[in-house]
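Q: Following this message is one structure expressed as structure tokens.
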Amino acid sequence: MMSTDKELYKLELLSLVSKVSQELFNHTKLQDKKLAEFVIALHEQSKTTEAFQKKLNEIGADFPEWFVKNLDRLIVTMHPKYKRKAAKMKASGQSRKSGDGQSIMDEQKQLQARKFPGLSMPDQDWKPAEKYVDERATKEPHETLPESLSTSDTMAQLESIASRRNRPAAEDFLDGEPAAKKMRSTSGHDGSSGRRGGYEAGGFRDSFRHGRPTVDERPVLYKIYNGTVANITDFGAFVTLDGVERRVDGNQRSNEGLVHVSNITNGRVNSPRDFLKRGQRVKVKVMAVSPKIGLSMKDVDQNTGDDLSPHLTVKTAEEAAAQQQRMSSYAASGSNSTPLLAVDERQRSSAKRLSSPERFEIKQLIASGAVSAADYPDLDEDFSTNVANHEIEEDIDVEVNEVEPAFLSGQTKVTLELSPVKIIKAPDGSLNRSALAGASLAKERRDLKRLEANEQADAETREINQPWLDPMANQSERQFASDIKGNLLGQKAAQMPAWKAANKVVSYGKITSMSIQEQRRSLPIYKLREQLVAAVRDNQILVVVGDTGSGKTTQMAQYLAEEGFLEKGRLGCTQPRKVAAVSVAKRVAEEVGCRLGSEVGYTIRFEDMTSPETKIKYMTDGMLLRELLVDPDCSKYSVIMLDEAHERTIATDVLFGLLKKACKRRPDLKLICTSATLDAAKFATYFWGCPIFTIPGRTYPVETLYTKEPEPDYLEASLITILQIHLMEPAGDVLLFLTGQEEIDTACEVLYERVKALGPQVPELLILPVYAALPSEMQSRIFEPAPPGARKVVIATNIAETSITIDGIYYVIDPGFAKQNAYDPKLGMDSLIVTPISQAQARQRAGRAGRTGPGKCYRLYTEVAYRNEMLPNPIPEIQRTNLASTILTLKAMGINDLISFDFMDPPPAATMLTALEQLYALGALDDEGLLTRIGRKMADFPLDPPLSKMLIKSVDYGCSEEALTIVAMLQAGGQVYYRPKDKQTQADAKKAKFHQPEGDLLTLLAVYNGWKNSKFSNPWCFENFIQTRAMKTAQDVRKQLIGIMDRYKHDLVSCGTNYNRVRMAICSGFFRNAAKKDPTEGYKTLVEGTPVSIHPSSALFQRPPEWCVYYELVLTAKEYMHQVTVIEPKWLSEVAPTFFRIADQNKISKRKASEKIEPLFDRFAADKDDWRLSKQKKAARSSQTFG
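Take a look at the structure:
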């Protein structure tokens, strides 16, 4: 073994010598391995970079400083001596229990700093945002608009007069918002809510503004007119329009149109005479002008004249022709046919040269009569090169610019092999195999369930042909088979599952007759009140350990307030979840007897329920982190409580380090960390050996049982175990841990059916699910005791490990899995994956069975798997997720030395380097690794860095109103569109009306503007299948973001209909998520080359563009792009010049080089390469002379 290790050592040393020799040759043109070995030997004698430089200078090697640093980094990274030294230090320094543990950690950090100088830059003093931005203004060059936008400015000025009537008024974007915002508007309109002031409610006044009404030669499409009902029939009403010339063309009058019965009102109309009478004055919108004039009353508010369908806007003849041409090009080709550099997106379109197959298809369609030749006037000339036409789309290719940032030179994956973070101890072990199999088994169950539902619906479908054949049948009797099937499926989906109905009860929650004060006195913490208050008074930092339900969160804050700790400042208590912060604040306000938001309040993202007199403030840990950005010393607080610290979220881990510094600067600040787990010694050691205050809980012995063999299907094994316990074990409730909502619902359904099949002799089994999406009143049912003679089984996610304690649990079933967030470098984003739990979590789960009495824990994995395949402790979130937002916040606080920052568990260098690269590409960092002005502004927004960048650049691009709306809609949470199973066709048709050719984010903008123009009405949402709750959330988020924009003096400007500006702003934030159409398989991302597809619900699904960016990737059947936006390829290099570059036209790009030619399958071919020219046998020419 020793000899093998020596040989490996020699090989690694040879590799290092070769690398150093190459570096020396590049710099000095001297290739000498002896010289390289000599330089390495000098390095081994030097403890620091400065000492290494000095020794080189002594022997006359006058190398520049940057070259010496490169050599130092290379040797420290590759030398086997340093590799082994680092491994030993990591092993010995992890515990920090030994006396010299801290010195080992310091030495390890010094080694890391030499290896990664980009992570160990000197810290700066904290400065307010305004001061920092002003100082950077002198160092950074003046920003210029991208070429694609600046070239259109002249055209914008020329067309401003013509397009002003067609642009939204400033008031449109500020409806329902504070009057102070409206003062920013420069528009002179009269505040009407219509999008087109010249044509809608205000349009009727405008036409008489100059003393004489304007008359249209013919009705204008989508314009609103006053009119008079001329005649009423069974199928509708004829209306004579005001303001249109009267001309008779055959039997048709040019100023008269039909309002069909379906367009009179939104409700059901049996007869138009029920609503209208001859001579009645009405307001109508022109919906069709060819071949006949079609009108609509339901699209206009009959009282005010407001347009209720603002996405259908007035177009001039030129606009209509341009749109027709654009639609034709969309139908003719699946490639990107959106405008390139137009000032008005709706008025101009770029030409695109058709490929030869496309031209052939169009000619065949013309020959068959399917399309008209008049639609393609330039078809024959199209293929020839038209030099004079500058709007022909350029055929350019974009590739990733693999140049390292100057401050990260030699430290990124371009030069170093940085391995991703391992979150699974044994990837090939039985536990991980079972986790991977669980996903495929869940998919099989879903497919089987869908198949059964379809078969049942088909079996119930009745005879539908007869009503269609019968001429006298009622219209209501005539139904399509697909509609009947959809209705049946919808009814079944709407029905409450049997297992839920069986457990239905009248009351919810744990009923108690005790008063609030009696409930407070009954908590375990009450008996220790005096000791706890004394411990807080005597110590600046205190770690409190106690089981969930002991009263830590609600009572400690009140005890400290009652004892006078909050006279000089307020108490801030952090929670890892929004729901917990809100619910705890409501409960404490009830106990204190005050209104929520006065003495007791809460702050979560986009919602602040506090006031100046607030003394106890609950908040998410992320919100306290944002407060430290403005006030690093926590000057408003006298006590900080970090609750649920054992969950180790990213924000909590960063707060540990920041509050540790704040405690040094402020001796009067009290810091309390609470934890539900018993491994609190680590927290105490981190905070300079502070005392631990333990609230004792009841614990009983728990018998642990393992399986003999690994379980391939843990869900099936869980259900079998529940039934075995129910039938064979004494009384006592059961707790089963599963990974998510879908899995829990499936388990409940299957378990209910199996218990029912056992017959009435089996005792009653109450099945109660618990997961985050479940209503709180349903969740509270788990605390009720089971009725006499019945057993309760609680099926929960890992929320039941520490966050809640359920009485009466005697049996715990632990399959050994949980979902956790992990950064996937291939996707470039975090994703939830099912992974084996840690040994600490397994012990915590087992402990749940010993709260009421002696219990049993059934572990559905082997003891070998527990010992060998589970990590000792869960990996903190900071070590497995994307850190771009966290590092941006730290940089804004002046913390540049990330290696020396006092993390409790330092994140891997690779994760931090990736985050720095992302921030550099976004323009948040300069070449020295310091925050730029944009970076400092980005840190002020409670958003992910790409969204912050998009908002800030939208101010420069003149479209911040639109960008604000899009960001608010993305942050609304949940689904915006409602798609009931019995009305899927109608819902899809309504959604399609909002579809924008530029993509899904612009579609969200159209939805919000439509809702705003309907005066934010709920009926409008109901009619258009839009989720009202999501829209109201978006409205609240938008108002919060406007407040932040005002606070930092960002202008609110609208681009009207010039959606190129909005698309470019989106591209400036999400350029990393760019994808290009691939000839063989949908799309491929530009950064990693991952195969992806447009989601079927996307507005672009039927007309996929050539280039696009997406908001997020979702893995279901395959990798789907969600919220896709069409872009132009050259925008990528304009908005992110450090990340993308235009590929050299004279060289083949990497992407094209990786493409393979795959011929059609030839079943007669003897070999797969027979199609190649080199494989073809040439016929030999026979000679007439020699035979």
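Residues in the sequence shown are numbered consecutively from 1, following full-length UniProt numbering. Every residue gets a Cβ at the ideal spot worked out from N, C-alpha and C, and that includes glycine. Keep in mind that this is a model prediction, so the values were computed, not measured.
On a Cα-Cα basis, can you pick out the residue from Tyr-714, Glu-928, Phe-1071 that is closest to Ala-406?
A: When only C-alpha atoms are compared, the closest one is Glu-928.
Q: Nearest to Gln-879 by alpha carbon, out of Asp-905, Cys-857, Tyr-866?
A: Looking at the Cα atoms, Asp-905 is the closest of the given residues.
Q: Give me, in chain order, the residues of the same chain whose beta-carbon lies closer than 7 Å to that of Ser-885; leave out the 5 immediate sequence neighbours on both sides.
A: Same-chain partners within the cutoff: Asp-944, Pro-945.
Q: Apart from the five residues on each side of it in sequence, which residues of its chain come closer than 7 Å, Cβ to Cβ, to Gln-996?
A: Hits under 7 Å: Leu-1002, Thr-1003, Ala-1006, Ala-1099.
Q: From which residue to which residue does the alpha helix (DSSP H) around Glu-1023 run?
A: Start and end: 1018-1023.
Q: Answer yes or no: do residue 1214 and Ile-809 have a C-beta to C-beta separation smaller than 9 Å?
A: As displayed, the chain neither begins before 1 nor continues past 1187, which places residue 1214 out of reach and without an answer.
Q: Checking 9 Å against the spacing of the C-beta atoms, do Glu-801 and Gln-844 come in under that value?
A: The answer is yes: Cβ separation under 9 Å.
Q: Tell me the rounded alpha-carbon separation between Leu-523 and Glu-627.
A: Their Cα atoms are separated by approximately 32 Å.
Q: Just confirm the distance between the C-beta atoms of Val-76 and Lys-47, as a whole number of angstroms; I'd bet it's less than 8 Å.
A: Contact doesn't hold; Cβ gap of about 11 Å is too wide.
Q: What is the DSSP secondary structure of Thr-240, reduced to helix, strand or coil?
A: If DSSP states are grouped into helix, strand and coil, Thr-240 belongs with the strands.
Q: Indicate whether Met-1121 and Val-1092 have their beta-carbon atoms separated by less than 9 Å.
A: In this structure, Val-1092 lies closer than 9 Å to Met-1121 by Cβ.
Q: On the three-pair Cβ rule with 8 Å, is the segment 726-746 touching the segment 782-792?
A: In short, these stretches touch, since the Cβ pair count reaches three.
Q: Is it right to say Glu-917 is buried, meaning 16 or more other beta carbons lie within 10 angstroms of its own, or is it exposed?
A: With 16 or more Cβ atoms within 10 Å of its Cβ, Glu-917 is classed as buried.
Q: Out of curiosity, what's the CA-to-CA distance linking Phe-275 and Gly-257?
A: Using only the alpha carbons, I get a separation of about 18 Å.
Q: In chain order, what residues of the same chain lie with their CB nearer than 7 Å to the CB of Ala-915, ignoring the 5 residues before and after it?
A: Closer than 7 Å at Cβ, skipping near neighbours: Asn-882, Leu-883, Ala-884, Ile-887.
Q: What did DSSP end up calling Tyr-222 once you bin it into helix, strand or coil?
A: Tyr-222: coil per DSSP, three-state reduction.
Q: So, helix, strand or coil for Leu-705, using DSSP?
A: Here Leu-705 sits in strand by DSSP.
Q: In whole angstroms, what separates the C-alpha of Lys-993 from that of His-311?
A: The straight-line gap from Cα to Cα measures roughly 8 Å.
Q: Given this structure, state the Cα-to-Cα distance separating Ser-95 from Gly-622, to the nearest angstrom.
A: With a pLDDT of 47 at Ser-95, under the threshold of 50, the predicted position of this residue should be treated as unreliable, though the coordinate-derived value follows. Taking the straight line from one Cα to the other gives about 28 Å.
Q: Go through its chain and collect everything with a Cβ distance to Glu-863's Cβ below 6 Å, but skip five positions before and after it.
A: Taken in chain order, the residues that qualify are Tyr-706.
Q: Can at least three beta-carbon pairs, one atom from the segment 432-450 and one from the segment 1137-1145, be found at a separation below 8 Å?
A: They do not touch, by the three-pair rule.
Q: Could you check whether the Cβ of Leu-1160 sits closer than 9 Å to any Cβ belonging to chain B?
A: Note that chain B does not occur in the displayed structure, where there is just one protein chain.
Q: Nearest to Glu-1106 by alpha carbon, out of Leu-964, Glu-1134, Ala-1074?
A: Closest by alpha carbon: Ala-1074.
Q: Pro-1104: which of Leu-1115, Lys-1118, Thr-1125, Leu-1113 sits nearest, CA to CA?
A: Nearest C-alpha to Pro-1104: Thr-1125.
Q: Could you check what DSSP says for Cys-748 in three-state terms: helix, strand or coil?
A: Helix, per DSSP.
Q: Could you give the distance in angstroms between the alpha-carbon of Trp-1171 and the alpha-carbon of Leu-1160?
A: Rounded to whole angstroms, Trp-1171 to Leu-1160 spans 10 Å at the Cα level.
Q: Taking the Cβ atom as the reference point for each residue, do Ile-720 and Val-543 lie within a distance shorter than 9 Å?
A: No, they are not a contact pair.
Q: By the three-class DSSP mapping on this structure, what secondary structure does Val-68 have?
A: If DSSP states are grouped into helix, strand and coil, Val-68 belongs with the helices.
Q: Under the three-state reduction of DSSP, which class applies to Lys-1084: helix, strand or coil?
A: Lys-1084 falls in the strand class under three-state DSSP.
Q: Quick check on the burial criterion: 16 or more other C-beta atoms within 10 angstroms. Buried or exposed for Ile-616?
A: Buried is the call here.
Q: Compare the beta carbon distance of Ala-230 and Pro-272 with 9 Å and say whether it is the shorter of the two.
A: Result no, Cβ atoms of Ala-230 and Pro-272 do not sit closer than 9 Å.
Q: Any idea what DSSP makes of Gly-853, helix, strand or coil?
A: It is coil, neither helix nor strand.
Q: Could you tell me whether the Cβ atoms of Met-619 and Ala-557 are closer together than 9 Å?
A: In this structure, Ala-557 does not lie closer than 9 Å to Met-619 by Cβ.
Q: Using the three-state DSSP reduction, which class does Gln-820 fall into: helix, strand or coil?
A: Residue state, collapsed to three classes: strand.
Q: On the DSSP letters alone, give me the boundaries of the beta strand (DSSP E) that Tyr-771 sits inside.
A: Here Tyr-771 belongs to no beta strand (DSSP E), and DSSP marks it neither H nor E.
Q: Under 9 Å, do Asp-633 and Arg-666 count as touching if we go by C-beta distance?
A: Going by C-beta atoms, Asp-633 is nearer than 9 Å to Arg-666.
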